[in-house]
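Down below is the structure, laid out as structure tokens.
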Amino acid sequence: MAGSKNIMLGTAGHVDHGKTALVKLLTGCDTDTLAEEKARGLTLDLGFAPCRLPDNRVIGVVDVPGHVDFIRHMVAGAHGIDIVILVVAADDGIMPQTREHLDILTLMGVRRGLVALTKIDLVEPSRRDEVLSSLRTFLTGTFLESAQICPLSNVTGEGFDAFYDALAAEIDACDSRPCTGLFRTWIADAFTIKGFGTVVTGIPSSGNVKPGDQLFLVPENIKGRVRRLEVYGQDASEGRAGECVAMNVPEFEHTTLKRGMVVTCSDALLPVLMAEAEFKLLPNVTGELRDNTEVHLHIGTASVMAKLAFLETDRMVGGQSQMIQLRISEPLGLLPGDRFVVRASLPGSEQGRLTTIGGGRVLGNSNVKLRRRRPWTISNLRMRAAVIDQPRHWIEQLLRESDRPLTFSEWARLSFRSGTEMLPDLHALIATGRAVQNSNGQFVHIDSVEALADLVISAVRMLHTTNPKRLGFHPREIGEALNTVLESPGAQDKQAQNQGNAAASPGHSAFLAARLAEDKDVLSMAIEIVTREGELERRGDLVAISGWRVSVSSQEELAVQQVESLLRGARFSPPSKPEMAKALGLPQNVVDSAIKLLIEQGKAVQPDKELVFHSDAIAAAQAVVLQLFAHAPSFTTMQFRDALGVSRKYAVPLLDYMDSQRFTVRTGNVRTPGALARQRLG
Numbered sequence: 141m142a143g144s145k146n147i148m149l150g151t152a153g154h155v156d157h158g159k160t161a162l163v164k165l166l167t168g169c170d171t172d173t174l175a176e177e178k179a180r181g182l183t184l185d186l187g188f189a190p191c192r193l194p195d196n197r198v199i200g201v202v203d204v205p206g207h208v209d210f211i212r213h214m215v216a217g218a219h220g221i222d223i224v225i226l227v228v229a230a231d232d233g234i235m236p237q238t239r240e241h242l243d244i245l246t247l248m249g250v251r252r253g254l255v256a257l258t259k260i261d262l263v264e265p266s267r268r269d270e271v272l273s274s275l276r277t278f279l280t281g282t283f284l285e286s287a288q289i290c291p292l293s294n295v296t297g298e299g300f301d302a303f304y305d306a307l308a309a310e311i312d313a314c315d316s317r318p319c320t321g322l323f324r325t326w327i328a329d330a331f332t333i334k335g336f337g338t339v340v341t342g343i344p345s346s347g348n349v350k351p352g353d354q355l356f357l358v359p360e361n362i363k364g365r366v367r368r369l370e371v372y373g374q375d376a377s378e379g380r381a382g383e384c385v386a387m388n389v390p391e392f393e394h395t396t397l398k399r400g401m402v403v404t405c406s407d408a409l410l411p412v413l414m415a416e417a418e419f420k421l422l423p424n425v426t427g428e429l430r431d432n433t434e435v436h437l438h439i440g441t442a443s444v445m446a447k448l449a450f451l452e453t454d455r456m457v458g459g460q461s462q463m464i465q466l467r468i469s470e471p472l473g474l475l476p477g478d479r480f481v482v483r484a485s486l487p488g489s490e491q492g493r494l495t496t497i498g499g500g501r502v503l504g505n506s507n508v509k510l511r512r513r514r515p516w517t518i519s520n521l522r523m524r525a526a527v528i529d530q531p532r533h534w535i536e537q538l539l540r541e542s543d544r545p546l547t548f549s550e551w552a553r554l555s556f557r558s559g560t561e562m563l564p565d566l567h568a569l570i571a572t573g574r575a576v577q578n579s580n581g582q583f584v585h586i587d588s589v590e591a592l593a594d595l596v597i598s599a600v601r602m603l604h605t606t607n608p609k610r611l612g613f614h615p616r617e618i619g620e621a622l623n624t625v626l627e628s629p630g631a632q633d634k635q636a637q638n639q640g641n642a643a644a645s646p647g648h649s650a651f652l653a654a655r656l657a658e659d660k661d662v663l664s665m666a667i668e669i670v671t672r673e674g675e676l677e678r679r680g681d682l683v684a685i686s687g688w689r690v691s692v693s694s695q696e697e698l699a700v701q702q703v704e705s706l707l708r709g710a711r712f713s714p715p716s717k718p719e720m721a722k723a724l725g726l727p728q729n730v731v732d733s734a735i736k737l738l739i740e741q742g743k744a745v746q747p748d749k750e751l752v753f754h755s756d757a758i759a760a761a762q763a764v765v766l767q768l769f770a771h772a773p774s775f776t777t778m779q780f781r782d783a784l785g786v787s788r789k790y791a792v793p794l795l796d797y798m799d800s801q802r803f804t805v806r807t808g809n810v811r812t813p814g815a816l817a818r819q820r821l822g
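In this text, residue positions in the sequence shown follow my numbering: the first is 141, and each later residue adds one.
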């Protein structure tokens, strides 16, 4: 809406302290629209109105009910508030809902506001001063500690100008709500207009919406399109986070819509029954709160039953915080960052009377039941809590936790951001080396690769211990050995130590790293790290602990020399393994062990079960292939056989081996140059 500042102003305070009358003075609008509200003289539900500032800018105002029986509506309105006017009547002073509303505002993350001391026309100056003093004491230590307290009368207008100036200054100091992220709004109301169909209203928590945009209803999974849009009751070309938006979406059936549902522009938002969160129990709560307590959960405009599953301890007392999992009675479209309030009936309170006991912030929406006292889970949630308001660090944490490489689109969906919006942060993470890519263009966090590198060292050491005669191991063998390493008691002890060590890779799990090793590119990155650091060394296609030497007896060494001499002399026509054993007069197992050592040393190649060629013969065969390609773009098996002067028995295995090494490429019965041959040919 042109000329609007996308922030939301809200009222709070005890019933009948003058909130609605004050909003009417500010906006000219009566936010009590229900017949029952008119009859009873108190606000029962949320009221929305635009407030036009002296410079002609418009902001939204939400008037919330103060009666204890309608706290659920108050919380539904508080989720969108940027600046609060805490209303306290001079005749009553601080009352129960004054306290509870301030607790709720604090839990909902409101950080700006001022205090309106109303009904000063009904009290003597001494009473006004008394309430002013008690308010200052009451607000000490809260986000309103330094806020202006403005005495005024909604009836006579006394003090209103000073209040209005203080409010305008507070609005000027408040930044507009960022319109980042994908569009999402909790439904505040839904109704139908003849000739137009369903209209949905709400205060968007992220992004923006325009006529023509496709929307998704969560959890109903219904699609619709915005036909018409209003902001503060005026036709608009765009609705932004922090504004009161009404969207005409004919495809939505208004009778099925209710508060607690979410409208969003992306199908990435899935409804969940389980969400991870940081929860704080208010300091004034007496007694203990136990694990799995059933409570009333207020989040966005939703009010549902839920259980608090503690992830750290099995009980809490007032003032304590811990990571929990919300186990919700019905699916909700939650996202990390959403704030919530928890209400329950406490021992000693009036029977059945609910009170606010705490609240917190959603950190994850896994929809997977978590177990208590899992260091890896707690560490990750603490990391999330530390960076949830820092977009770049947030997407980095999501990548750090992933047990598989992520495509850019998968990563963006996880963060509930558009790819365009996320690109600058992605480029920064790549430039600083925090995010690395595999050959498929998928992303992995460098911490994952480094955690895997530590496991690789342990795996190679274990393989050397169980295979002392081998010079090294193929990366595939190392990857297969990782699970065995993780199952060893020593590895589990080290993992537990790392999880409790702040200096270790924060919140990182070796088990997650082992999952990532299933991607051969990630495994190669990890091997490259420890090779570069000198912990491991490459031996052709093999990887070994640096300086590893195979211990062989003099008899074994003699057998190796004899077999190598035989293979070198046989060149392109080597004897089979049984023929070698017979020719050398050695047991077959001794010959087989000698061949295995020669292969690992890079001195021999075995292209099929029986034939073994010396590496010199392979090099000579490749030279013959290059000569053939120098005269023609391709050659047949017969031409290669004749050039070597051997039978097909030997020519075919040699060609198959060169195909596997990308030296040649087979097409039917002819060979053309492979990548390696093309490099040699220039």
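No residue lacks a Cβ here, since even glycine has one placed at the ideal position from N, Cα and C.
Keep in mind it's a predicted model, so treat the numbers as computed, not measured.
C-beta contact flag for residue i and residue j at 8 Å
| i | j | result |
| --- | --- | --- |
| G153 | H241 | yes |
| R553 | D587 | no |
| R380 | P344 | yes |
| L357 | M401 | yes |
| L451 | R512 | yes |
| S384 | L322 | Position check: residue 384 holds Cys in this sequence, whereas Ser was assumed. Cβ distance not < 8 Å, so C384 and L322 don't count as in contact. |
| K363 | E393 | no |
| V600 | L676 | yes |
| I333 | L292 | no |
| V670 | A593 | yes |
| F803 | G785 | no |
| R820 | A757 | no |
DSSP state of residue i mapped onto helix, strand, coil
| i | result |
| --- | --- |
| Q288 | coil |
| S686 | coil |
| K178 | Bear in mind that a pLDDT of 33 at K178, under 50, signals an unreliable position, so the number given afterwards is only what the model happens to contain. Three-state result, K178: helix. |
| L149 | strand |
| I223 | strand |
| D203 | strand |
| E627 | helix |
| I497 | strand |
| G822 | coil |
| L880 | With the chain covering only 141 through 822, there is no way to say anything about residue 880. |
| R511 | coil |
| L724 | helix |
Residue i at chain C interface by Cβ criterion, 8 Å
| i | result |
| --- | --- |
| L279 | Absent from the structure is chain C; it holds one protein chain and no more. |
Limits of the beta strand (DSSP E) - the one that residue i falls within
| i | result |
| --- | --- |
| N729 | Premise fails: N729 lies in the alpha helix (DSSP H), Q728 to E740, not in any beta strand (DSSP E). |
| P813 | V810 to P813 |
| T338 | G337 to G342 |
| L676 | L676 to R679 |
| V123 | Not covered by the structure: residue 123. The range shown for the chain is 141 to 822. |
Residue i versus residue j: straight-line alpha-carbon distance, rounded
| i | j | result |
| --- | --- | --- |
| G612 | C319 | 55 Å |
| L245 | H157 | 17 Å |
| L166 | C191 | 6 Å |
| V584 | N578 | 8 Å |
| V201 | Q582 | 45 Å |
| R522 | D529 | 13 Å |
| T296 | D231 | 16 Å |
| N146 | L652 | 42 Å |
| G217 | N196 | 25 Å |
| M665 | Q701 | 36 Å |
| H436 | D222 | 24 Å |
| A415 | G504 | 6 Å |
| E561 | E360 | 28 Å |
| S346 | A449 | 28 Å |
| I518 | W326 | 29 Å |
| A744 | P714 | 11 Å |
| M235 | V228 | 8 Å |
Limits of the unbroken alpha helix (DSSP H) element including residue i
| i | result |
| --- | --- |
| V703 | S694 to A710 |
| F803 | Taken as a continuous stretch (DSSP letters only), F803 belongs to no alpha helix (DSSP H), as it is neither H nor E. |
| A772 | Premise fails: A772 is in no alpha helix (DSSP H) and is neither H nor E. |
| L663 | K660 to R672 |
Exercise for review: Just list the beta strand (DSSP E) runs in the region 408 to 474, keeping only unbroken ones of 3 residues or longer that don't cross its boundaries, in chain order.
Suggested key: 412 to 421, 428 to 430, 433 to 439, 442 to 450, 455 to 457 and 461 to 472
Review point. Could you give the uninterrupted runs of the beta strand (DSSP E) lying entirely in the region 283 to 335, keeping only those of 3 residues or more?
Key: 289 to 291, 324 to 326 and 329 to 333
Check your understanding: If you scan the region 348 to 416 from start to end, which runs of the beta strand (DSSP E) of 3 or more residues do you find wholly inside it?
Key -> 354 to 358, 362 to 365, 368 to 371, 385 to 388 and 402 to 404
Review point. Which full runs of the beta strand (DSSP E) of 3+ residues lie inside the region 539 to 620, going along the chain?
Key: 575 to 577 and 583 to 585
Practice item. Only counting runs of 3 or more residues, tell me where the beta strand (DSSP E) segments fall wholly within the region 244 to 290, in order along the chain. Key: 252 to 258
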